[in-house]
Amino acid sequence: MNKCTLLLLTALSVAFLTQAQAQQPVKESQGFYQFLTDDPNQKPFYSDRQGVMARNGMVASAHPDASQVGVDIMKKGGNAVDAAVAVQFALAVVHPSAGNIGGGGFMVFRNKSGESYTLDFREKGPLKGHKDMYLDEQGTPIPRLSTLGHLASGVPGSVDGMVVAHERFGKLPWKDLIQPAIELAERGVIQTEREARGLNNIRETIQQVNKGSTYFLRSDGREWQAGDTLVQKDLAQVLRLIQKKGRNGFYKGKVARMLASEMKKGGGLISRKDLKAYHSQWREPIIGTYKKYKVITMPPTSSGGVALMQLLRLVEPYPLTRWGWNTDSTAQVMIEAERRVYADRAKFLGDPDFVDVPVDKLISYDYLKDRWKDFSFSQATNSQDVSGGAIAGYESMETTHFSVVDKDMNAVSITTTLNGGYGSRVVVQGGGFFMNNEMDDFSIKPGVPNMFGLIGNKANAIEPGKRMLSSMTPTILEKNGKLYMVVGTPGGSTIITSVYQTILNVVEHGMTMQQAVNALKFHHQWLPDKTTFEQGAFTENTIRKLQNRGYTLEMQRNTIGRMDCILVRPDGTLEGASDPRGDDISIGY
Ligand code: DON
């Protein structure tokens, strides 16, 4: 054997061994990371799903029926906003855990001429709400009060949001956009396995908060199965009123009376006055650059846009492409950026109508440069040593995201939620729709974590009429002045980091939109001081290197993110990329 062959064989066997090692599951007994799953044979999530290609329009959403509704609206001549409105109402019927009329959300819209707009239709704290409403006399949080039952709901914003978006940008008549949802509610929706399981899982809590209610129960009382049909007659009636009267069909009249009396019955605070007073709000989008990309994203009341801009700009100086996807160095700077950004979130972010949020400062390069000053590659920063930055003058689970692009390249990115899966579990009697439990997104007491482990402070304390802080991050990217990417996901606190990774996967690691969505994810949120990750997101070698530098790594029992994104490819083709982690489907035409 000559020297060359020997070298080649050695190189091949090293490469083979390294690969084999990397593919071996890390065993619990090896103690590399805390093994959280109940199933010792759990396989890593893996998908090689391909993106959906089309030229005239695309909808990426959490449910095939909703995506189809959006495409049908565009085929009838509707634009992306028309399609988005129809999808929002369809999701309220076909995906009741997160799609909603009893919740709220955010919309980022970029029109074909490049002008962008953001609409805040986040829920508001009821007028009778107050800062200590979830605390007992000793000042201790009362378990589940902000998450389960009538007191957990904020004043819903979704219907107003859709009306306002349509009034300003819609083309088709309002009634046409609600009609598909009405038909789905009346005709019934075939349950997927996931949707059936979801309804079975909440059976008990539904009964607990809606005594004697038959909503969302199978007529024979048995468990839901995939393939069953869920008919929602009362919801169809509510949708008919919204179809006929627009905003007034929900915030006034019969539905408002039903909602207020439901609240009264269960000790909730939302009154007819609250409903009448609710208005969504156009806000100035956050627009910033990351390298050659323009990022258009959601300002507060969501923390998502500020955090995303901060995260991207914090890692901008580092050669992520050269280091490679999820290598130790790449992961390290991303994690350290996350630690600092979530500390800022807890300190500074809240409803801009109530508190002064220093958005420009927080996303400025000078400020962000300063945030790196205590960082060293040799050792993880300790979260206890990190607090929100110093700025002068300052001292799940379910949500759903959908993206729409029409033939003219108008683009809509909407994330909407009830907060936890099926919200507060309160179903409005007579209306058949779930109410949110968004009040838990307020900081119910400084330093007390919410259901996503996020803590907050004064900036996000409960006040009447104030909006609770969100992590939702509907975002649109431009490249060379043209529409490039529409992105977003549910996932509570992991929304921000999932959007961040998905963008970087495309722009730094050369993935297609679908590969970026499929790719395994990780997450750090300052406190608790640990990095959670989907099994397989890091090789054993990377895990060891990060642990040697003091990082606590914890494998996640669940998957992270449920992205629905669209990419405009160089030839103008739209690539719809829906997350294989859910029932999500992109449909184009
Ligand atoms: O607004 C927020 O940040 C949360 N209410 C989002 C909740 C969520 O994403 C749950 N989903 N998985």
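Count the sequence shown with the working numbering and you get residues 13 to 601, in order. Heads up, the beta-carbon is just placed ideally off N, CA and C, and yes, glycines get one too. Every value quoted in this text rests on a predicted model; they were computed, and no experiment measured them.
Sorting M567, N517, D232, S314 by C-alpha distance to the C-alpha of F118 places S314 at the top. It is roughly 26 Å from the alpha-carbon of R234 to the alpha-carbon of Q249.
Nearest in C-alpha terms to R352, of all of T342, T427, Y379, A549, is Y379.
Taking C-beta atoms under 8 Å as the contact rule, S590 and A72 qualify, at a distance of about 5 Å. Boundaries of the beta strand (DSSP E) around A589: 586-590.
For T564, the secondary structure class from DSSP, reduced to helix, strand or coil, is coil. Short of 6 Å from the beta carbon of T544, and not among the five residues preceding or following it, lie these beta carbons of its own chain, in chain order: H535, E566, Q568. In chain order, G261, F262, G265, K266, V267 place their CB closer than 8 Å to the CB of L253, counting only its own chain and leaving out the 5 sequence neighbours on each side.
Counting the other Cβ atoms within 10 Å of the Cβ of G522 gives fewer than 16, which makes it exposed. Every unbroken stretch of the beta strand (DSSP E) spanning 3 or more residues and falling wholly within the region 413-443 is given here in chain order: 423-429. Residue burial is scored here from C-beta neighbours: F181 has at least 16 other C-beta atoms within 10 angstroms and is therefore classed as buried.
For the ligand DON, no non-hydrogen atom lies closer than 8 Å to the CB of F414. At least 9 Å separates the beta-carbon of M525 from that of V519.
V580 is a Cβ neighbour of Y496, given a cutoff of 9 Å.
Here the alpha carbon of S510 sits roughly 25 Å from the alpha carbon of G493.
The alpha-carbon separation between L374 and Q322 amounts to approximately 7 Å. With fewer than 16 other CB atoms across the displayed protein chains lying within 10 angstroms of its CB, H142 is exposed. G400 and P312 have their alpha carbons spaced roughly 17 Å apart.
Assignment of R479 by DSSP, reduced to helix, strand and coil, places it in the strand class.
The C-alpha of N462 lies about 22 Å from the C-alpha of E348. Beta-bridge annotation (DSSP): K306 is paired with T301, E490. Using a cutoff of 8 Å, the CB of D188 does not count as near the ligand DON, since none of the ligand's heavy atoms is closer than that. L147 has P153 as its beta-bridge partners, per DSSP. Take A66, set aside five residues on each side of it, and the residues of its chain with a beta-carbon closer than 6 Å to its own are L586, G600, Y601, in chain order.
Residue range 116-122 is occupied by the beta strand (DSSP E) that includes M119. Here G210 has S109, G433 as same chain residues with Cβ atoms under 7 Å from its own Cβ, once five neighbours each way along the sequence are excluded. Contact between D94 and L157 is ruled out by a C-beta separation of about 40 Å, above the 8 Å threshold.
By the beta-carbon neighbour count (other beta carbons within 10 angstroms, threshold 16), S128 is buried. Here the distance from the Cβ of D453 to the nearest heavy atom of the ligand DON is below 8 Å.
Taking 9 Å as the cut-off, the beta carbon of S292 is found no closer than this to the beta carbon of D365.
Out of P476, G459, G477, the CA that lies nearest to the CA of K470 is found in G459. Counting the other Cβ atoms within 10 Å of the Cβ of E450 gives 16 or more, which makes it buried. The ligand DON approaches I507 closely enough that one of its heavy atoms is under 8 Å from the residue's Cβ. In the structure shown, the three-state DSSP call for H162 is helix.
Taking C-beta atoms as the reference points, V99 and T487 fail to come closer than 9 Å. In this model, L229 and V221 are separated by some 14 Å (Cα to Cα).
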